[in-house]
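Participant:
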Amino acid sequence: MRALTQALALIAVAIPLLAQGPPRGSRRPAPGPSAIERYNSMPPRQRERILEKLPADRRKAFEDRVERYNRLSPGEKRRLRGQYDQFQQLPPERRDEARRVFRRFMNLPEDRQRELRTEMETLRDLAPDERRQRVESPPFMEKFSPQERRMMRDLGRTLSPPADTGSQHEIL
Numbered sequence: 040m041r042a043l044t045q046a047l048a049l050i051a052v053a054i055p056l057l058a059q060g061p062p063r064g065s066r067r068p069a070p071g072p073s074a075i076e077r078y079n080s081m082p083p084r085q086r087e088r089i090l091e092k093l094p095a096d097r098r099k100a101f102e103d104r105v106e107r108y109n110r111l112s113p114g115e116k117r118r119l120r121g122q123y124d125q126f127q128q129l130p131p132e133r134r135d136e137a138r139r140v141f142r143r144f145m146n147l148p149e150d151r152q153r154e155l156r157t158e159m160e161t162l163r164d165l166a167p168d169e170r171r172q173r174v175e176s177p178p179f180m181e182k183f184s185p186q187e188r189r190m191m192r193d194l195g196r197t198l199s200p201p202a203d204t205g206s207q208h209e210i211l
């Protein structure tokens, strides 16, 4: 349950960060919360120089991520940093798989992304038996496509610690 909770919390802010993955041919990790914190600590002129180098769509996406991150409470920021660090500790194959799931998520229309985020937050707060009942219910099956349900299941399985993998993906 703890691993699923962590996986679901990552979605709200970290999907865009993790979906980027390392640049082609590079083994550098994707920018995480500490990169946003470094950006926030820069003087305004330096920030603007960095943003000027980005294409308009990437600039907007980055500014949106910074804004979402800045709206988090200090506790949520600490938790996100910890989860990002935990993500970086996953074996490369599992990080790659998580990035593939995150990319699929980011390809959904914004309204569907919101629906999935809301549902995953709801699922996160439920006891395992309640969660199982919810995901097996007809309203859940009608509300989410097979691809969306698979995406939620894959995310829980991919980000769960190895010892918990079996119990987590069975729930979703």
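Sequential numbering from 40 applies to the sequence shown in our numbering.
A virtual CB, placed ideally from N, CA and C, is assigned to each residue, including glycine.
As the structure is a prediction and not an experimental result, all values here were calculated from the model.
May I ask which residues mark the beginning and end of the alpha helix (DSSP H) holding K92?
Facilitator: The residue given as residue 92 occupies position 53 in the sequence shown. It is not in any alpha helix (DSSP H) - K92 carries neither H nor E in the DSSP assignment.
Participant: From what residue to what residue does the alpha helix (DSSP H) around P130 run?
Facilitator: Within the sequence shown, numbered from 1, the residue matching residue 130 stands at position 91. Looking at the DSSP string, P130 is not in any alpha helix (DSSP H), and its letter there is neither H nor E.
Participant: Would F144 and M190 qualify as a contact pair, given that the criterion is a beta-carbon distance under 8 Å?
Facilitator: Position 105 of the sequence shown, counted from the first residue, corresponds to residue 144. Position 151 of the sequence shown, counted from the first residue, corresponds to residue 190. Contact flag set, yes.
Participant: Please say whether L162 and R173 have beta carbons closer to each other than 8 Å?
Facilitator: By 1-based counting over the sequence shown, the position of residue 173 is 134. By 1-based counting over the sequence shown, the position of residue 162 is 123. The answer is yes: Cβ separation under 8 Å.
Participant: Just curious, the alpha helix (DSSP H) that F179 is in, first and last residue?
Facilitator: By one-based count along the sequence shown, residue 179 stands at place 140. First-last of the alpha helix (DSSP H) with F179: P177 to K182.
Participant: Report yes if the CB atom of Y123 is closer than 8 Å to the CB atom of I75, and no otherwise.
Facilitator: As a working mapping, residue 123 is identified with position 84 in the sequence shown. As a working mapping, residue 75 is identified with position 36 in the sequence shown. Against a cut-off of 8 Å, the Cβ pair of I75 and Y123 comes out as no contact.
Participant: Does DSSP classify S73 as helix, strand or coil?
Facilitator: Taking the sequence shown and counting its residues from 1, the one referred to as residue 73 is at position 34. Note: S73 maps to helix in three-state DSSP.
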